[in-house]
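Colleague: Quick one: structure below, then a few questions.
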Amino acid sequence: MSAVDPSTRVGVSPFHAAGSLQGFVISGRWPDSTKEWAQLLALAVRVGAMPGLLHTSTVFGVREELPDDPAPGTVGIVLAEGPVLGDEAVAPGAFADHQPPALFVLHPPAETTPTLPECAGAASGCVLLPGVPHLGLEHRAAWVEADLEGTVTSMVSRVGVDPISHPDTAVLAMLLTA
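Right, dumping it as structure tokens:
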């Protein structure tokens with residue numbers, strides 16, 4: 001068996017501050033397919049299911065800028081931008097001037113209704129990969145649910161998504177448009 005070149009993998013390291021999930025450092029390379037973005041979302045949701053790390057539904061933006069003093073191989077970060085609701089919520093059109101390659105929303109267990117009744121305490125999330133439909137580049141999205149034990153209980157990905165067809169993609173699309 002041949003060894004996998006570490007530079008071809010997508011590395012993900014979550015980070016937190018004051019006991020709250022603040023984002024993920026991405027190393028190696030960015031995901032390059034809807035499937036890989038869904039896998040990154042699955043990891044993010046599994047982290048978000050950990051008690052106390054994610055206090056409310058939160059928007060995370062993909063940033064290709066490097067964090068301060070990055071480790072070798074770091075390509076960017078997925079950073080918590082703010083809650084979906086409330087006084088500190090991310091404003092509609094917040095990303096209209098600089099559209100990120102992807103936006104996530106993560107929902108903690110307290111704000112997730114699990115698809116399976118035996119999966120109480122599940123977290124969920126969505127990633128929207130905005131396209132440029134008038135150029136033939138379709139919107140893509142994935143949705144994941146995972147329980148406290150880390151078991152992915154639901155994973156769906158789609159190409160050609162109409163953002164208004166699902167509440168999560170509708171919220172994320174609203175943040176992208178002015």
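The opening position of the sequence shown corresponds to residue 1 in full-length UniProt numbering, with each subsequent residue numbered one higher. Here a beta-carbon is modelled for each residue, glycine too, at the ideal position from N, C-alpha and C.
From A110, G121, P117 and T177, pick the residue whose C-alpha is nearest to that of P100; which is it?
Modeller: Considering only alpha carbons, the answer is T177.
Colleague: What residue from R29, D162, A102 and P109 has the CA that sits closest to L148's CA?
Modeller: L148 has its Cα closest to that of P109, out of R29, D162, A102 and P109.
Colleague: Is it a yes or a no for the segment 48–62 touching the segment 72–84, going by three-plus beta-carbon pairs under 8 angstroms?
Modeller: Judged by Cβ distances under 8 angstroms, the segment 48–62 makes contact with the segment 72–84, as three or more pairs qualify.
Colleague: Give me, in chain order, the residues of the same chain whose beta-carbon lies closer than 6 angstroms to that of M1; leave out the 5 immediate sequence neighbours on both sides.
Modeller: At M1 the pLDDT is 42, less than 50, meaning the model places this residue with poor confidence; the figure from the coordinates comes in the next sentence. Once the five neighbours on either side are set aside, M1 has no close Cβ partner at all.
Colleague: Is W143 helix, strand or coil when you go by DSSP?
Modeller: Reduced to three states, the DSSP call for W143 is strand.
Colleague: Between the Cα of A18 and those of G52, P130 and K35, spot the shortest distance and give me the residue it belongs to.
Modeller: Among G52, P130 and K35, the Cα nearest to that of A18 is on G52.
Colleague: Is T115 buried or exposed, if buried means 16 or more other CB atoms sit within 10 Å of its CB?
Modeller: So T115 counts as exposed.
Colleague: For G23, report the span of its beta strand (DSSP E) as first-last.
Modeller: Its beta strand (DSSP E) spans residues S20 to S27.
Colleague: With a threshold of 16 other CB atoms inside 10 Å of the CB of S13, please say whether the residue is buried or exposed.
Modeller: It counts as exposed.
Colleague: Please report the Cβ distance between V62 and A102, rounded to the nearest whole angstrom; I am assuming they are in contact, meaning their Cβ atoms lie under 8 angstroms.
Modeller: With a Cβ gap of about 4 angstroms, V62 and A102 count as contacting.
Colleague: According to the Cβ coordinates, are A38 and A142 closer than 8 angstroms?
Modeller: Yes, these two residues count as a Cβ contact at 8 angstroms.
Colleague: With C-beta atoms as the reference, is G73 less than 8 angstroms away from L66?
Modeller: Taking 8 angstroms as the Cβ cut-off, G73 and L66 do not qualify as a contacting pair.
Colleague: Taking the alpha-carbon positions, what's the E145 to W30 distance?
Modeller: Looking at the two C-alpha atoms, the distance is approximately 22 angstroms.
Colleague: Answer yes or no: do A44 and F24 have a C-beta to C-beta separation smaller than 8 angstroms?
Modeller: For A44 and F24, yes; Cβs fall inside 8 angstroms.
Colleague: What is the rounded straight-line gap between the Cα of H98 and the Cα of A80?
Modeller: For H98 and A80, the distance between alpha carbons rounds to 16 angstroms.
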